[in-house]
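Undergrad:
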């Protein structure tokens, strides 16, 4: 399958990024997920809107997956989640080994939450940008640049790795500018205060009150991400934010932290590893919820909100792949691909 990629969208061209208008429709009928995607590209500045070129249209059949997992939630806050949740269908690599892109849900205003996958290994690394919308828009640009890189360079995925990228977890906020209000979804909710670990009815960014939603996972964006995690169960998750230039690990109610992850990312990216976020109290955080479920997760804070810092974060992804190459059984360490990426 041939993809037409606008050559203006390149990490080597001063961060000039292509914005694709996505007239995409994903319709779920009797267990069939149909994605018809078109691409019309125009130039844009780095921190404003950027979306990689869509693949050719494709149709695939999805198997129904159980969506209600509330009984498995550990914290008291999760008791406020709805006991009965709608069934959704989330594609997996097993079901669709040849499809690079899926929608895992829609935003408040009906924009798709796109998931891209590369490779078919047993270790799943998941990368997520844009949970704070246009306020941290460079993380969406970073996510889209990573999509372009791995689509154009499949040899940069090691054989035992499956890489999942969700470039824009808050597309409505991303379309709402770059100020503080663009941090929130279309309901005005801070999506990184809407998760089940230590969710509170009041939440803050520094000393500024923000809306955490009426209950955990009340928002379609956080709910879709939660369902993805429950179904796919990735081995490690990175959420990209800005602009502290630091790395923080998820932790909930004293749950173990994956110190190896912080050390590895600090060495690869140059960002400072800070085991505990101690600048101000954080409630309802996504990485903390993942840690509660036993999934190593980290917040990777870019140094500014101006640039996507592509090269250092690509190095971090390479380092993660190499960690799993050297720490998983049945990996052929003589593979020249491992030698090239992990030297």
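In this note's numbering, the protein residues as written are -13 to 329.
For each residue, glycine too, the CB sits at the ideal point set by N, CA and C.
Since this is a predicted model, take the numbers as computed values, not measurements.
1. Any idea if residue 176 is buried or exposed, counting beta-carbon neighbours within 10 angstroms, 16 or more meaning buried?
2. By DSSP's criteria, residue 197 is part of a beta bridge. Which residues make up the other side?
3. Label residue 274 either buried or exposed according to how many other C-beta atoms from any shown protein chain fall within 10 Å of its C-beta, with 16 as the threshold for buried.
4. Excluding sequence positions up to five away, which residues of its chain have a Cβ less than 6 angstroms from the Cβ of residue 285?
5. How big is the Cα-Cα spacing for residue 299 and residue 139?
6. Bridge partners for residue 104 per DSSP, in chain order?
7. Tell me which same chain residues have a C-beta within less than 8 angstroms of the C-beta of residue 181, skipping the five on either side of it?
8. So within the stretch 218 to 300, which uninterrupted alpha helix (DSSP H) runs reach at least 4 residues, ignoring any that extend past its ends?
9. What span of residues does the alpha helix (DSSP H) with residue 191 cover, start to end?
10. Count the other CB atoms within 10 Å of the CB of residue 218; is the residue buried (16 or more) or exposed (fewer)?
11. Does the distance from the C-beta atom of residue 128 to that of residue 115 stay below 8 angstroms?
12. Please classify residue 126 as buried or exposed, where buried requires at least 16 other C-beta atoms within 10 Å of its C-beta.
13. In whole angstroms, give me the CA-to-CA distance for residue 257 and residue 187.
14. Can you list, in chain order, the residues of its chain with a C-beta nearer than 8 angstroms to that of residue 205? Leave out the 5 residues immediately preceding and following it.
15. Whole angstroms is fine: what's the gap from residue 192's alpha carbon to residue 268's?
16. Give me the Cβ distance between residue 104 and residue 136, rounded to the nearest whole Å; I'm assuming they're in contact under 8 angstroms.
17. Suppose the cutoff is 8 angstroms on Cβ atoms and the five residues either side in sequence are ignored; what does the same chain contact list for residue 253 look like?
TA: On the basis of the supplied data:
1. The residue in question, residue 176, is buried, as its Cβ has 16 or more Cβ neighbours within 10 Å.
2. Beta-bridge pairing links residue 197 to 175.
3. Residue 274 is buried by the Cβ-count criterion.
4. Once the five neighbours on either side are set aside, the close Cβ partners of residue 285 are 225, 227, 234 and 273.
5. Their backbone Cα atoms lie some 16 angstroms apart in a straight line.
6. DSSP lists 149 as partners of residue 104.
7. So the qualifying residues of the chain are 202, 203, 208, 212, 270, 271, 272, 274 and 275.
8. Runs of the alpha helix (DSSP H) inside the stretch 218 to 300: 245 to 255 and 272 to 278.
9. Careful: residue 191 lies outside any alpha helix (DSSP H), inside the beta strand (DSSP E) at 189 to 191.
10. So residue 218 ends up on the buried side.
11. A contact, by the Cβ cut-off of 8 angstroms.
12. With 16 or more other Cβ atoms within 10 Å, it is buried.
13. Spanning the two alpha carbons is a distance of roughly 32 angstroms.
14. Here the set comprises 94, 171, 173, 175, 177, 180 and 199.
15. Their backbone Cα atoms lie some 9 angstroms apart in a straight line.
16. The Cβ separation is near 4 angstroms, so the contact holds.
17. Take residue 253, set aside five residues on each side of it, and the residues of its chain with a beta-carbon closer than 8 angstroms to its own are 305, in chain order.
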